[in-house]
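Asker:
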Amino acid sequence: MEETQAFYDFCIPHNKDDKIMRATLAELVDLGYKTIAIDQTFDHSKKEAAKRGTEIFPEPQSIQHLRKEFDSKLKILQRITIVYLDVNVAHAMSVSMNLRKFNLIAGQPKTDAALTHCCTSFNGDIITFDSLAGSRLLVNRKAYQIAIRRGIFFELKYSPAITDSNYRKDMIKVAQNYCTKGKSKNIIFSSGAANEFQVRSPCDVANLAFIFGLSEDQGKNAVNRFCRQLFLRAESRRLGKTIMFVKGNGPIVFSDSSSDDNESAAEDDEMDSMETGDAEIEDLQNEEESENSQDRDRKRIKLA
Numbered sequence: 001m002e003e004t005q006a007f008y009d010f011c012i013p014h015n016k017d018d019k020i021m022r023a024t025l026a027e028l029v030d031l032g033y034k035t036i037a038i039d040q041t042f043d044h045s046k047k048e049a050a051k052r053g054t055e056i057f058p059e060p061q062s063i064q065h066l067r068k069e070f071d072s073k074l075k076i077l078q079r080i081t082i083v084y085l086d087v088n089v090a091h092a093m094s095v096s097m098n099l100r101k102f103n104l105i106a107g108q109p110k111t112d113a114a115l116t117h118c119c120t121s122f123n124g125d126i127i128t129f130d131s132l133a134g135s136r137l138l139v140n141r142k143a144y145q146i147a148i149r150r151g152i153f154f155e156l157k158y159s160p161a162i163t164d165s166n167y168r169k170d171m172i173k174v175a176q177n178y179c180t181k182g183k184s185k186n187i188i189f190s191s192g193a194a195n196e197f198q199v200r201s202p203c204d205v206a207n208l209a210f211i212f213g214l215s216e217d218q219g220k221n222a223v224n225r226f227c228r229q230l231f232l233r234a235e236s237r238r239l240g241k242t243i244m245f246v247k248g249n250g251p252i253v254f255s256d257s258s259s260d261d262n263e264s265a266a267e268d269d270e271m272d273s274m275e276t277g278d279a280e281i282e283d284l285q286n287e288e289e290s291e292n293s294q295d296r297d298r299k300r301i302k303l304a
């Protein structure tokens, strides 16, 4: 399993211009981020009906050169955001091999039915919303609770709020809906920054909790602990049932506890049998001595 460190930003949109990507990643390093995810979007709603069992999802973008350049500074993951309208995306996801190459899978519903499916049945890790579409989609209480029990996390992007006041109003409305319906549980903060000027430090991002209706601890966890939990949940989804090997630092002594118990029990039985045997011998000796003393007394009485 891959190791991660705080702080986290799980939504850095992929850009074909390497200069912009390098500048954004360098800014993230300077601000104190250690783990980030480069996101690429796939719009399933615009795809025509494909043959059953065919691959429709793209492969991850090649970012090996960025990983080598920021090897000791950043842990770079890969994420895909699936935009969809209905539940037909479920079958395409179940047979896709390319999705397994991504570290994180996010769902971006465009209808109420898709939002309900995203909370209840979507085989992903994150639920996000389209800032351009506004706040017309609001989750209900039951679907929110089901998503929490399934370990799904809800994402709030702050960079659209920096660029446009209308996006800021929509994001606050969505955040208040999360607070009303589910007490803002399982909320993470991401940037969604298209360039280095839209990125903010982890402390500044955590302070957004007061605007979004979260507590101070929830704001800190939204860029740290909750993101770590999200990563572990995503890894368990990707790997499924696995075998773990535990390596000890010190010497390991192998012993069969059952044989040791049997030997100790046998030794105890032998000691008990020896003690009972000695007690029986002492009783026999006492009986013989008492009989001999009685015979001597009888002989004395006859002589008298």
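Residue numbering for the sequence shown follows full-length UniProt numbering, starting at 1 and increasing by one per position.
Note that CB positions come from ideal geometry on N, CA and C, so glycine has one too.
Note that the coordinates shown come from a computational prediction; the quantities given were computed from them, not determined experimentally.
Just mark CYS11 as buried or exposed, buried being the case when its beta carbon has 16 or more other beta carbons within 10 Å.
Answerer: So CYS11 ends up on the buried side.
Asker: Give the DSSP-derived three-state secondary structure of LYS16 in the structure shown.
Answerer: Correct three-state label for LYS16: coil.
Asker: I need the DSSP call for VAL199, collapsed to helix, strand or coil.
Answerer: If DSSP states are grouped into helix, strand and coil, VAL199 belongs with coil.
Asker: How many angstroms separate the CA atom of GLN61 from the CA atom of ASP130?
Answerer: Straight-line Cα distance between these residues: approximately 22 Å.
Asker: If you drop the 5 nearest sequence neighbours on each side, which residues of the same chain put their C-beta closer than 6 Å to that of PRO109?
Answerer: Once the five neighbours on either side are set aside, the close Cβ partners of PRO109 are LEU115, CYS118.
Asker: Between THR81, LEU85, VAL95, which lies nearest to GLY107 when the distance is taken from Cα to Cα?
Answerer: The candidate whose alpha carbon is nearest that of GLY107 is THR81.
Asker: Going by alpha carbons, who is nearest to ASP39 out of GLN78, GLN229, TYR167?
Answerer: Nearest option by C-alpha distance: GLN78.
Asker: What does DSSP give as the partner residue(s) for TYR84 in the beta ladder?
Answerer: DSSP output for TYR84 lists PRO109 as bridge partner(s).
Asker: Please name the residue in GLY240, LEU239, LYS220 whose C-alpha comes closest to that of PHE7.
Answerer: With distances taken between Cα atoms, PHE7 lies closest to LYS220.
Asker: Any idea if GLU216 is buried or exposed, counting beta-carbon neighbours within 10 angstroms, 16 or more meaning buried?
Answerer: It is exposed - the Cβ of GLU216 has fewer than 16 other Cβ atoms within 10 Å.
Asker: Which same chain residues end up closer than 7 Å to ARG233 when comparing Cβ atoms and leaving out the 5 residues on each side of it in sequence?
Answerer: Excluding residues within five positions, the ones whose Cβ falls inside 7 Å are ASP125, GLY151.
Asker: DSSP three-state call for SER236: helix, strand or coil?
Answerer: In this structure, SER236 counts as helix in the three-state DSSP scheme.
Asker: Between ASP256 and the rest of its own chain, which residues show a CB-CB distance below 8 Å, the 5 nearest in sequence each way excluded?
Answerer: In this prediction, ASP256 has a pLDDT of 47, which is less than 50 and means its spatial position is unreliable; nothing more can be read from the coordinates.
Asker: Look up ALA37 in the DSSP assignment and give the residues it is bridged to.
Answerer: DSSP, once it has assigned bridges, lists LEU77 as partnering ALA37.
Asker: May I ask which residues mark the beginning and end of the beta strand (DSSP E) holding PHE189?
Answerer: Note, PHE189: beta strand (DSSP E), 187–190.
Asker: Quick one: using the 10 Å Cβ neighbour count with 16 as the cut-off for buried, is SER94 buried or exposed?
Answerer: Counting Cβ neighbours within 10 Å, SER94 comes out exposed, since fewer than 16 surround it.
Asker: Bridge partners of LYS157, per DSSP?
Answerer: In the DSSP output, where bridge partners are listed per residue, LYS157 has SER190.
Asker: Just checking my contact of ASN98 with GLU59 at CB under 8 Å: how many whole Å lie between their CB atoms?
Answerer: The Cβ separation is near 5 Å, so the contact holds.
Asker: Using alpha carbons as the reference points, say which of LEU156, ARG238, SER96 lies closest to ILE211.
Answerer: Closest by alpha carbon: LEU156.
Asker: May I ask which residues mark the beginning and end of the alpha helix (DSSP H) holding SER223?
Answerer: Here residue 223 turns out to be Val, not Ser, going by the sequence shown. Where VAL223 is concerned, there is no enclosing alpha helix (DSSP H), given that its DSSP letter is neither H nor E.
Asker: Return the chain-ordered list of same chain residues with a C-beta closer than 6 Å to the C-beta of THR4, the five sequence neighbours on each side being excluded.
Answerer: Counting only Cβ-Cβ distances below 6 Å, and skipping sequence neighbours, we find THR35, LYS75, PHE231.
Asker: Check each candidate in ASP30, ILE148, LEU66 and name the one with the smallest Cα separation from ASP17.
Answerer: Nearest C-alpha to ASP17: LEU66.
Asker: Mark GLY192 as exposed unless 16 or more other C-beta atoms lie within 10 angstroms of its C-beta, in which case mark it buried.
Answerer: GLY192 should be labelled buried.
Asker: Mapping the DSSP letters down to three states, classify ILE126 as helix, strand or coil.
Answerer: Strand, per DSSP.
Asker: Which same chain residues end up closer than 6 Å to ASN123 when comparing Cβ atoms and leaving out the 5 residues on each side of it in sequence?
Answerer: Correct list, in chain order: MET93.
Asker: Please state the DSSP three-state secondary structure of PHE10.
Answerer: DSSP places PHE10 in strand when its eight states are reduced to three.
Asker: Between LYS183, LEU239, ALA90, ILE162, which lies nearest to GLU55 when the distance is taken from Cα to Cα?
Answerer: For the residues LYS183, LEU239, ALA90, ILE162, the minimum Cα distance to GLU55 belongs to ALA90.
Asker: Relative to the alpha-carbon of GLY182, which residue among GLU27, PHE153, GLY240 has its alpha-carbon at the smallest distance?
Answerer: The shortest C-alpha separation from GLY182 is found at PHE153.
Asker: Could you tell me the distance, in whole angstroms, from the CA atom of PHE254 to the CA atom of LYS19?
Answerer: Here the model assigns PHE254 a pLDDT of 49, short of 50, so the residue's position is not dependable and the matter cannot be decided.
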